[in-house]
Every structure is written in structure tokens, then in C-alpha cells.
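Read the structure below first, then the notes.
Residue numbers (full-length UniProt numbering): 1 to 405.
Quick look at the structure:
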């Protein structure tokens, strides 16, 4: 028989074997004696556990590369790599604000350019006046307005503050590409001390006003809790006064370019015109009287016998600008047009549709092969009745380009 291997006895570390029955002392691995029923190794183990339990509590959280999330206040986050080892990953902290404090000072002199005095200030909010624009005033050769939000500019999520802005008045008079660089500061009258709190938008930086950005200012001009304090003197007997000084530093033209405006709310312009005595024409085409569509004048141009290579085979039909020279150089009109010859008998109208950029050099669009002449002159079709036809056009202005110079 083969000898069977006996399973080796399991050694016990950090604990003792039981003593023989009736004995006071037992054999202990590593010659560690029992003291009060607990071995020395066991006592060390318990002390080690106790010391661990007294460490500051650290919340384990799911940790991704470069990201940590904490349940409570910012703290050190550890990720365990083994039972007895901890690795420090990251110290989390709240991000600092990226907005610099608005410069504030106090002066004795009132604002040089404009003062807006408000009586019964509290009634502005009670009467749902969220935005108030002052009358225009002149400074630096331009007209300006103060824009006041007594309860904060809600469109910018401002709460519990007054918002104050400087706006360029009548931007329609500005040419495209024209820019105005301005330094400005706002005033708030301290009626207790008869001086003025001065709040400046920026220090050493000019604001650029132009047609597309005509308003600059301070979203959080002053907290309402400070403004309403009687000791501050800003609101006395429900009356206050704001002011502004505006200094134009420079002006410039950005040079040549163009401005494209796509229409958000489009309008369909319809026009119907009757062409008569088609058989008696003394020219190859006839056109309608001018009509308006989208602030532009247009005409319908009809070639009953066709145009150029299609002469004698197809009717040709176009929409054209009535006065192409009225467009300034570089200007364009993007329009969707629908040309339609009406069937006066069966209402089976014949039409064509296209999108086109109209310019001074390319003022018309349509089709040279709009309809076969045989179909047009067929007495059963209803397109030509008693030597006349009805042409309808739909014009939708989709966009406009203006030159910038």
C-alpha cells in the first residue's frame, strides 16, 4: 500500500492552543504566555484595531480620474488598494469665483452727464415695472440712456440686487462696422452724507459699443438689502438718485464686410396679375406693373412664345426686381418664389418653385421652359382664355445681405 500523506497541522498565529484539561498554563506558539485569558499577540491586535477606530472618519466615494464627489464638506478622499494600505488621491475644494470685485469709491461731486431721480422707488416693483429706460442724453457726441432694473435683471438670473446699464440710443443711425470705445461709471447719491457712491464697470478697460452690442453695465449694481438700509442714505423717503458719466475714448470703422440677416418670422407676399391681348403683343415679352414684397419692388415678366432657345416651343416666366439699381453694391435678397399660371376652368394650376439670391447684377429668376406652348394655348386647358392669362406669384423673403463699409 502506498503511504497516504497526512494533512499538515495548521499553525495558528497570534493565538494560543488550549491548555490541557485541568492545567493552569498551556503551550503557546512563539512562547507567548496567556495573561488574563488573552495572549500578548491578541492584545496587540486589539490595540491596533482600537487605534484604527480612533482615526478621523473618511468617506469612501466613487472616484474617477480627475473627479471626486463628496457627501459632505470638502475632505481628503482615500481609495483602498489593499486591506492595510491607503492611497491619497486628491484634495477637493470649491472652485473660486471667476468674477472680480467691481471697483467702488466715494466722491463729493455729482455726475457730469446725467442724473436719474426716482421718487416712490418701491412702487416700481409693485407696479411690475421690471425695466425702466431714461430719456436720452448726449455725451461724447453720441446719445445714451440709463437702463434701470429695480428688482434685478431677471433675464440674467439676477435676484436681490439692482441692475444698472448704459445703452447707446438709436443704433439705427450707426453704420455697419462702426464701433465706439467707452469708459463709463455709475453714481448713487448718499443723501445722508451728500456724496456719491461711484461704481465703475471695469478699471482700465474700455467697453466696445456697436450695432450688435449696444448695452453694457453692471448686473449686481448694489444689493437691495444695502440699498434699503436707512443708515446708508441711498433710499430716503422712498426717493433715490442714480447718475452716469460717459467718456468716449475712440471710434473706428472695422472696414469692408457684409451683414447677413436671416428672417425668423417670414411673411408670404402674394400678387395676382392678368396679362391680356397676348396675341397682339408687339414685343417678345410683357411685364406686370411693379408691386411691393418685403420692402422691395418686383415685376412679373412673361414670354408667351418663349425666350431665346425656347422660342416657339415653351412659354417662359420670370420674377424680376423692378429697379435693380436701387440695390446698393454688395446687397443681396434671398427669397423663395412660386410662379403660377392659373387654370381658369378646372383649377389645375401649373406652377414652379425656387430659392434664389437676387442681386443688382442677377435681378431675375424663373424658367425658360416653364410650360409647353401647346399646353398653354390648348382651349381645353383653361390657361389662356379669351386671349388672356392669370399669373400669380408668392414671394417669401428669407434673408438679406447688406454691405459693410
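In this text, a Cβ means the ideal position worked out from N, Cα and C, and glycines have one as well.
What whole-angstrom Cβ distance do residue i and residue j have, given they're in contact under 8 Å?
i: residue 401; j: residue 259; result: 7 Å
i: residue 395; j: residue 294; result: 7 Å
i: residue 209; j: residue 180; result: 4 Å
i: residue 115; j: residue 133; result: Their Cβ separation, rounded to whole angstroms, is 15 Å, which puts residue 115 and residue 133 out of contact at 8 Å.
Using only alpha-carbon positions, find the residue among the options that is nearest to residue i.
i: residue 406; options: 218, 184 and 239; result: Since the first and last residues shown for the chain are 1 and 405, residue 406 lies out of range.
i: residue 245; options: 378, 382, 142 and 125; result: 142
i: residue 430; options: 379, 188 and 181; result: Nothing about residue 430 can be reported from this structure: the residues present for the chain run from 1 to 405 only.
i: residue 194; options: 378, 107, 325 and 328; result: 107
i: residue 387; options: 371, 285 and 279; result: 279
i: residue 249; options: 277, 214, 206 and 213; result: 206
i: residue 359; options: 213, 321, 292 and 122; result: 321
i: residue 261; options: 341, 122 and 331; result: 331
i: residue 155; options: 178, 130 and 266; result: 130
i: residue 160; options: 149, 170, 167 and 169; result: 149
Quick one: residues in its chain with C-beta nearer than 8 Å to the C-beta of residue i, no 5 flanking neighbours on either side, listed in chain order?
i: residue 218; result: 102, 163, 164, 165, 186, 199 and 201
i: residue 319; result: 298, 299, 300, 301, 337, 339, 364, 365, 366, 393 and 395
i: residue 287; result: 299, 300, 301, 302 and 320
Note down, in chain order, each residue of its chain lying with its Cβ closer than 7 Å to the Cβ of residue i, except the 5 sequence neighbours on either side.
i: residue 228; result: 235
i: residue 113; result: 137, 139, 244, 245 and 246
i: residue 328; result: 403
i: residue 407; result: In this structure the chain extends from 1 to 405, so residue 407 is not present and cannot be described.
i: residue 377; result: 384
i: residue 354; result: 337 and 365
i: residue 276; result: 387 and 388
Look up residue i in the DSSP assignment and say whether it is helix, strand or coil.
i: residue 184; result: strand
i: residue 374; result: helix
i: residue 223; result: strand
i: residue 154; result: helix
i: residue 108; result: coil
i: residue 392; result: strand
i: residue 239; result: strand
i: residue 159; result: coil
i: residue 98; result: Interpretation of residue 98 is limited by its pLDDT of 30, a score under 50 that renders its predicted location unreliable; the figure taken from the coordinates is listed afterwards. Residue state, collapsed to three classes: coil.
i: residue 310; result: helix
i: residue 254; result: coil
i: residue 332; result: strand
i: residue 168; result: strand
i: residue 131; result: coil
Quick one: what's got a C-beta closer than 6 Å to residue i's C-beta in the same chain, skipping five residues either side?
i: residue 334; result: 357, 398 and 399
i: residue 120; result: 238
Is any non-hydrogen atom of the ligand FAD found closer than 8 Å to the C-beta of residue i, if you look at the structure I gave you?
i: residue 231; result: Looking at this structure, you won't find the ligand FAD or any other ligand, since it has none at all.
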